[in-house]
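Some notes on the structure that comes next.
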Amino acid sequence: MNISIINYIAVVTAVVSQLACHKSDRLVEDNVENARVQLSSLLALSEEGDTLRIPSTFKAGEVEFVPEDDWVSGFFAGTLWYMYELTADEMWADHARVHTEKLDSIQYLTWHHDVGFMVFDSFGNGLRIKNIPEYRDKILTTAHSLSTRFRTGAGVLQSWNVDRGWQAERGWKCPVIIDNMMNLEILFNATRMSGDSTFFKIAVSHADRTLENHFRPDASSYHVVDYDPETGEVLHRCTAQGYADESAWARGQAWALYGFATAYSYTGFERYLEQSEKVAAYIIGRLPEDGVPYWDFDAPDIPDTYRDASSAAIMASAFYHLYSITGTIQYRQTADKMLSSLSSPAYRAEPGTNGGFILMHSVGSLPHGSNIDVPLNYADYYFLEALIRRSKLK
Ligand code: GLY
Numbered sequence: 001m002n003i004s005i006i007n008y009i010a011v012v013t014a015v016v017s018q019l020a021c022h023k024s025d026r027l028v029e030d031n032v033e034n035a036r037v038q039l040s041s042l043l044a045l046s047e048e049g050d051t052l053r054i055p056s057t058f059k060a061g062e063v064e065f066v067p068e069d070d071w072v073s074g075f076f077a078g079t080l081w082y083m084y085e086l087t088a089d090e091m092w093a094d095h096a097r098v099h100t101e102k103l104d105s106i107q108y109l110t111w112h113h114d115v116g117f118m119v120f121d122s123f124g125n126g127l128r129i130k131n132i133p134e135y136r137d138k139i140l141t142t143a144h145s146l147s148t149r150f151r152t153g154a155g156v157l158q159s160w161n162v163d164r165g166w167q168a169e170r171g172w173k174c175p176v177i178i179d180n181m182m183n184l185e186i187l188f189n190a191t192r193m194s195g196d197s198t199f200f201k202i203a204v205s206h207a208d209r210t211l212e213n214h215f216r217p218d219a220s221s222y223h224v225v226d227y228d229p230e231t232g233e234v235l236h237r238c239t240a241q242g243y244a245d246e247s248a249w250a251r252g253q254a255w256a257l258y259g260f261a262t263a264y265s266y267t268g269f270e271r272y273l274e275q276s277e278k279v280a281a282y283i284i285g286r287l288p289e290d291g292v293p294y295w296d297f298d299a300p301d302i303p304d305t306y307r308d309a310s311s312a313a314i315m316a317s318a319f320y321h322l323y324s325i326t327g328t329i330q331y332r333q334t335a336d337k338m339l340s341s342l343s344s345p346a347y348r349a350e351p352g353t354n355g356g357f358i359l360m361h362s363v364g365s366l367p368h369g370s371n372i373d374v375p376l377n378y379a380d381y382y383f384l385e386a387l388i389r390r391s392k393l394k
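Our numbering numbers the first residue of the sequence shown as 1 and each following residue consecutively.
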């Protein structure tokens, strides 16, 4: 054989193996198949009879549903959009649309900050994936509603009201939780859509105050920072859902990792990428062997306490995003390990079990005794998102 034939064969072999690699990712394919079975049954239950219900978790043999104004209400619609993105099966888009439009009233909700999650995961994905033009107005109206929570003196969006519920008992004035970083994406998009820079400025101010006040020297995040809304003075740094004020609640670290990487994507501000990478280093340094965190990195009873699959799913998605920004292979390896563990029988439910949810073993709020070691709709949402982000890398 002459050299040019050998070179030709080498090139063809490389191209064929690259194509094979591109086409087939067994982990993604296997998970999509599993999700198809699980979510079909959950979807049928959610649309049983005349009502349209929003599944949130599965406990004591029963699927639980939430009202539209619950912070988790957008994840099921978002999950259906992701199934459409993963399968190109129009059936998923049809149902995603119905479940999205059930949330129409949320664009006007002003009594908590989570409208970013609720409307961007549902209408936002519908606009991005299916380009449904009327969803733009829902997103803009939601951005206006969220902006009413901006406290100019402190430069932050107030997360929770303090006049009712358990929050009223904590003595806070203007609590901001690290989770709130996730509500900024809708504001960045609202500026892109409308040209009105107000939303962008609010989001940047909030992210800057969070960067300044929410982190310890080791880059772990407090859950709650309470501000004086007039002066911006920090009044308290504490927790609501973590083990202790000074502990690192796992999902809080996930929101910080994801939220600052997203803020970097929309602004190009290096300080946000640096913060996300600092949080990444903290998380990677403290993960257990299988990459799925315990519900709080400082829970005193580790290893005899609960894992939180939702944190792993959020982190996996964020690590793929960080890898796509930086090319740092460790981020991709960490995400791969998390997905591989979450896809194993230790965390992924057998088809026909778990009420139709994909993942088991998440923790909502242990201090509140709420949703402990159960499936959660946002764990499934970010799990599918991580699969999509992994697919797009290939
Ligand atoms: N945003 C509420 C939570 O992560 O539980």
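Every residue gets a Cβ at the ideal spot worked out from N, C-alpha and C, and that includes glycine. Please read these numbers as outputs of a predicted model, since none were measured by experiment.
Just to check, is the beta-carbon of S105 closer than 7 angstroms to a non-hydrogen atom of ligand 3?
-> Ligands present in the displayed structure are limited to ligand 1, and ligand 3 is not among them.
Same chain, Cβ closer than 6 angstroms to S311, five either side skipped, listed in chain order | Closer than 6 angstroms at the Cβ level, and outside the excluded window around S311, lie A250, R251, A254, P293.
Is it the case that the CB of G364 approaches a heavy atom of ligand 1 more closely than 7 angstroms?
-> Yes, since a heavy atom of ligand 1 falls inside the 7 angstroms radius drawn around the Cβ of G364.
Can you list every residue whose CB sits closer than 5 angstroms to some heavy atom of ligand 1, going in chain order?
-> Residues with a Cβ closer than 5 angstroms to any heavy atom of ligand 1, in chain order: D179, R251.
Using the Cα positions of G74 and G355, report the straight-line distance between them to the nearest angstrom.
-> Near 19 angstroms, if we compare the C-alpha coordinates of G355 and G74.
Can you give me the Cβ contacts of T79 inside the same chain, cut-off strictly under 8 angstroms, excluding the 5 residues immediately before and after it?
-> So the list reads L39, N377, D380, Y381, L384, once near-sequence residues are dropped.
Does DSSP classify R389 as helix, strand or coil?
-> Helix at R389.
From P133 to P229, what distance separates their C-alpha atoms?
-> Distance between the alpha carbons of P133 and P229: 37 angstroms.
Between the Cα of F297 and the Cα atoms of T334, A244, T262, which residue gives the shortest distance?
-> Ranking the options by Cα distance to F297, first place goes to A244.
Do you know offhand how far F58's Cα is from S362's?
-> Taking the straight line from one Cα to the other gives about 11 angstroms.
L376 bridges to which residues according to DSSP?
-> Note: L376 sits in a beta bridge opposite T57.
List the residues that DSSP assigns as beta-bridge partners of I177.
-> Answer by DSSP bridge pairing, in chain order: V224.
Three or more C-beta pairs below 8 angstroms linking the stretch 139-146 and the stretch 161-177 = Contact annotation: the stretch 139-146 does not touch the stretch 161-177, with fewer than three C-beta pairs closer than 8 angstroms.
Output the boundary residues of the alpha helix (DSSP H) element that contains L80.
-> That run of the alpha helix (DSSP H) goes 75-87.
Nearest residue (CA-CA) to F288, options I329, A256, H321, T334 | The displayed chain sequence assigns Pro, not Phe, to residue 288. Considering only alpha carbons, the answer is T334.
According to DSSP, what are the bridge partners of R348?
-> Answer is L359.
In chain order, what residues of the same chain lie with their CB nearer than 8 angstroms to the CB of K261, ignoring the 5 residues before and after it?
-> Here residue 261 turns out to be Ala, not Lys, going by the sequence shown. Answer for A261: Y272, L273, S276, A318, H321, L322, I325, listed in chain order.
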